[in-house]
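Asks: Taking my numbering, the leading residue of the sequence shown gets 1323, the next gets one more, and so forth.
All C-beta atoms in this analysis are idealised placements derived from N, C-alpha and C, irrespective of residue type, glycine included.
As the structure is a computational prediction, the values presented were derived from the model and not from experiment.
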Amino acid sequence: MFTRCLVLLRRLSDDRVFSLLDPVVDRFCLSILPQIRHKINYLVLESSSAERILTIDYPNIYGLSLYNINEEIAQRWFIDSSPLFDIFNKKIRSLCIRIVDKGSRSTDGNLVACVFTNILNVFNNLRYLNCNTFERRRLRRLSFDEKSFTFVCSTLTELRINVVYLNDCLQMLTGGLNQLRTFYVNIECVFSKGMIKDNKPVPHLKCFSLTCRSEMYTHKYSIVPLIRRMLNLEELSLYIVVGQCTFLDGNALKNDFINHLPRLNKFAFSIRSVLLGPDPAYFVSNEDIQQTLKDLGDVPVRSYVDYFPSEKTGQCHFYSDPYTLTYCDRITNSFQGRLFNCVREVSLFDDRPFEHEFFVRIAHAFPFLEQLTVSNETPQEQKLNSNNREFPIIQYPRLIELDFTNVHDDYIEQFLLDTKTCLPQNMTLYISYDSLKRVTRNFRRATMRVNCCQISNVLTYDKFPTSKRLTKYFLNAYISTQRYSAEI
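Here you go:
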C-alpha cells in the first residue's frame, strides 16, 4: 500500500536531521514526485531541500513538517512571505517546524514570535501547529518580549510551543486563539516583568500541558490562578519545580488544582519541590508524602524525599506513573529504579557517595539514556579494585554526552576505567582539564585508554596546554574549551 506521508530526509540515532543527497533529491523531483504527487497528504522535509520539493504541486496535501530552519530561511519563508508558501496557505491544516539555534540568544525569542505570528495570520486553515520540536540543549523559544504582536486564528485547535516567559503563554491564551482545545507549552522561566493580570475564564481549553525545568518561587500567584481559569479542562499535565519553605504534596495538588476543575478526568504530573532556608525543626518523610498522594485517582504515584545537610536544603519529587518526560533531574541515592523508556537526559546529584551499584541501577532504569550529568563531590566509600571482576561492567549503549559538573575524581574514574564502564563510540565529554589530567595520571593510565578512545569531543571548563600526550590519549577526539550553555 502506498504511504500518503512521505519522509524525505535522513534522521540519525541521536535525532539529528540531514537532507537527502542532492542526486537523490533531484531524482525524486524529476522522476518520482510528479508521478505520485496526487497521492501525497503529508511531507516531512529538511530545509535545504524543501524549496525544490515544494515547487511541485500536491493537490491533496494537508500537512508539512520542516526541519533545520535557520534564521535566514525562517525570515524568507515565514516573515518575508515567500510566494512558495502562499500556494500552501489554504491547504495546510497541520504544520510542524524546528528552528535551529545558532546561539544568537538576544534575537531568538523575537524571531520565533514573528514566525509564529505570521504563520497564524497566513495559514488560514491551520488546525495543528507544533513549534515544540527541538534539538536537545539548543532549545529555540518564543518571546514576545513586551512587544505587540497581533495574531488571530479561528481554526487552530492544537498548539505545541516553547516560550521564554509565562507571560508569553498568557498572551496566547488571551489573544485570538478562541478555538484552541489542546495547548502544550514548555516555559523557560515563570518570572517576567509586568506579569499579565487576566482573570477571564478560558472555557474553550480541554487539554493543557505545562513544563518548566527552572525553579519557580511564585507558582501560587502565577501557575495556580492560570490553571483555575480553565473551567472545562479535562486533561492536565503539570511538570514543574517549586522552591519554597515546605514541600508540595498531594494535598496541595487537590487544593490548588483538582478541587477547582470539575471536568478533570486525567492528571499527569512530575512535581519536584526544593526547600529554601528550611526550619531546622521541619521534617517530612517519604511516608508522609505518600499518605497525601493516596486518593489522587487510579494512577500510581512514586515519590522520594532527600535532605542535604551540607547544603542545608532538601528536595521532594513525586510523579505519576508511567513517567512520560524525556528528562529526569537531580536523581539521588534514594532512586529505587523501575523502567523509564521515555527518558533521554538525566542529572545526578547528592552529598552522599554514588557507589558502583547505583550506576548499575541508572543504566538499567534508563535504557535509552543519551545525556548524563553527574554532580557529587563526596568520594566513593566502596571503590572497586581494578582486578575485581565480580562486579558487572556497566554499559550505556546510547550515551552521547557525559558531563562532570562539580565531581570528585572517583566519578571520573567510575566512567573512564574500562573495568567499571564500557562507553560507546562518538561521545562528547564535558570536564575540567585539571581533573582529567589528575585522574589519567598525566594521560599515562592504561586502564582508561579504551574508553578515552571512544570519545570524539572533549570540551573543558578551563584552559589547557596542548601536548602530544593529551592528543594521543584521546586519539579520536577534538579537544577544546568551548562549551554552549545547557538548558537546565
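Within 10 angstroms of the Cβ of A1768, are there 16 or more other Cβ atoms? Answer buried if so, exposed if not.
Replies: So A1768 ends up on the exposed side.
Asks: Could you tell me which of C1453, I1545, S1403 sits nearest to C1418, measuring between CA atoms?
Replies: Out of C1453, I1545, S1403, C1453 has the C-alpha closest to the C-alpha of C1418.
Asks: Using DSSP with H/G/I as helix, E/B as strand and the rest coil, what is M1552?
Replies: Coil at M1552, not helix or strand.
Asks: Over the uninterrupted alpha helix (DSSP H) stretch that includes E1609, give me the two end residues.
Replies: Unbroken alpha helix (DSSP H) run through E1609: 1608 to 1614.
Asks: Check for me: the alpha helix (DSSP H) holding H1678 runs from which residue to which?
Replies: 1678 to 1687 is the extent of the alpha helix (DSSP H) around H1678.
Asks: Could you have a look at S1708 and say whether DSSP puts it in helix, strand or coil?
Replies: In this prediction, S1708 scores a pLDDT of 49, lower than 50, which makes its location untrustworthy; the coordinate-derived value is nonetheless stated afterwards. Reduced to three states, the DSSP call for S1708 is coil.
Asks: In angstroms with no decimal places, state the Cα-to-Cα distance between N1443 and V1437.
Replies: Cα to Cα, the separation comes out at about 10 Å.
Asks: Return the chain-ordered ranges of every beta strand (DSSP E) run that is complete within the stretch 1610 to 1676 and spans a minimum of 3 residues.
Replies: Segments of the beta strand (DSSP E) lying fully in the stretch 1610 to 1676: 1623 to 1630, 1635 to 1642, 1649 to 1653, 1667 to 1671.
Asks: Secondary structure at K1413, three-state DSSP: helix, strand or coil?
Replies: Of the three classes helix, strand and coil, the one that applies to K1413 here is coil, per DSSP.
Asks: If distances are taken between C-alpha atoms only, which option among T1635, S1387, R1359 comes closest to T1377?
Replies: For T1377, the nearest C-alpha among the options comes from R1359.
Asks: Which partner residues does M1770 have in the DSSP bridge list?
Replies: Per DSSP, none; premise fails for M1770.
Asks: Which residues in the same chain have their Cβ closer than 7 Å to the Cβ of F1630, if we skip the five residues on either side of it in sequence?
Replies: Same-chain partners within the cutoff: G1636, D1673.
Asks: Run through DSSP, which three-state label would G1497 get?
Replies: The answer is coil: DSSP assigns G1497 none of H, G, I, E or B.
Asks: Tell me the residue span of the alpha helix (DSSP H) that contains V1346.
Replies: 1344 to 1349 is the span of the alpha helix (DSSP H), which, as asked, contains V1346.
Asks: For K1742, count the other beta carbons within 10 Å of its own beta carbon; 16 or more makes it buried, fewer makes it exposed. Which is it?
Replies: The residue is buried, with at least 16 neighbouring Cβ atoms inside 10 Å.
Asks: Whose C-beta lies closer than 6 Å to the C-beta of T1750 among residues of the same chain, with five residues either side of it excluded?
Replies: So the list reads E1723, N1779, once near-sequence residues are dropped.
Asks: Rounded to a whole number of angstroms, what is the C-alpha to C-alpha distance between V1339 and F1737?
Replies: Looking at the two C-alpha atoms, the distance is approximately 29 Å.
Asks: Using a threshold of 9 Å, state whether the C-beta atoms of I1611 and D1571 are closer than that.
Replies: Against a cut-off of 9 Å, the Cβ pair of D1571 and I1611 comes out as a contact.
Asks: For Y1561, which beta-bridge partners are listed by DSSP?
Replies: For Y1561, which the question treats as bridged, DSSP gives the partners T1533, S1592.
Asks: Can you tell me whether G1385 is buried or exposed, with buried defined as 16 or more other CB within 10 angstroms of its CB?
Replies: Result: buried.
Asks: Helix, strand or coil: which one does DSSP assign to R1791?
Replies: Of the three classes helix, strand and coil, the one that applies to R1791 here is helix, per DSSP.
Asks: Would you report the Cα separation of S1426 and S1802, rounded to the nearest angstrom?
Replies: Since pLDDT at S1426 reaches only 48, below the 50 mark, its modelled position is unreliable, and the value read off the structure follows with that caveat. Computed Cα separation, rounded: 21 Å.
Asks: Could you spell out where the alpha helix (DSSP H) holding Y1733 opens and where it closes?
Replies: 1731 to 1738 is the span of the alpha helix (DSSP H), which, as asked, contains Y1733.
Asks: Counting beta carbon pairs with one atom in the stretch 1692 to 1704 and one in the stretch 1366 to 1373, are three or more of them shorter than 8 Å?
Replies: Verdict: no, contact absent.
Asks: I'd like to confirm the pairing. Which residues does DSSP put opposite R1463 in its beta bridges?
Replies: None; R1463 has no bridge partner.
Asks: Using the three-state DSSP reduction, which class does L1334 fall into: helix, strand or coil?
Replies: Correct three-state label for L1334: coil.
Asks: How far does the beta strand (DSSP E) with V1761 in it reach, from first residue to last?
Replies: Careful: V1761 lies outside any beta strand (DSSP E), inside the alpha helix (DSSP H) at 1755 to 1761.
Asks: Suppose only complete runs of 3+ residues qualify. What are the beta strand (DSSP E) ranges in the stretch 1357 to 1391, listed by chain order?
Replies: List check, beta strand (DSSP E) in window: 1364 to 1368, 1385 to 1391.
Asks: To the nearest angstrom, how far is it from the Cα of F1688 to the Cα of L1334?
Replies: Between F1688 and L1334, the C-alpha separation is close to 20 Å.
Asks: For the alpha helix (DSSP H) holding I1395, just list the boundary residues, first then last.
Replies: Note, I1395: alpha helix (DSSP H), 1393 to 1396.
Asks: Could you tell me which of G1599, S1607, D1617, L1502 sits nearest to N1314, measuring between CA atoms?
Replies: Residue 1314 lies beyond the stretch modelled for the chain, which goes from 1323 to 1810, so this question has no answer here.
Asks: If you follow the beta strand (DSSP E) that F1505 is part of, which residue opens it and which one closes it?
Replies: Where F1505 is concerned, the enclosing beta strand (DSSP E) stretches over 1504 to 1511.
Asks: Taking the CB atoms as reference points, tell me whether F1569 and V1512 lie closer together than 9 Å.
Replies: Cβ atoms of F1569 and V1512: not closer than 9 Å.
Asks: Could you pull out every residue in the same chain whose Cβ sits closer than 7 Å to the Cβ of F1796, ignoring the five residues on either side in sequence?
Replies: Hits under 7 Å: C1774, I1777, V1780.
Asks: With distances taken between CB atoms, is the gap from P1523 to M1494 smaller than 9 Å?
Replies: Against a cut-off of 9 Å, the Cβ pair of M1494 and P1523 comes out as no contact.
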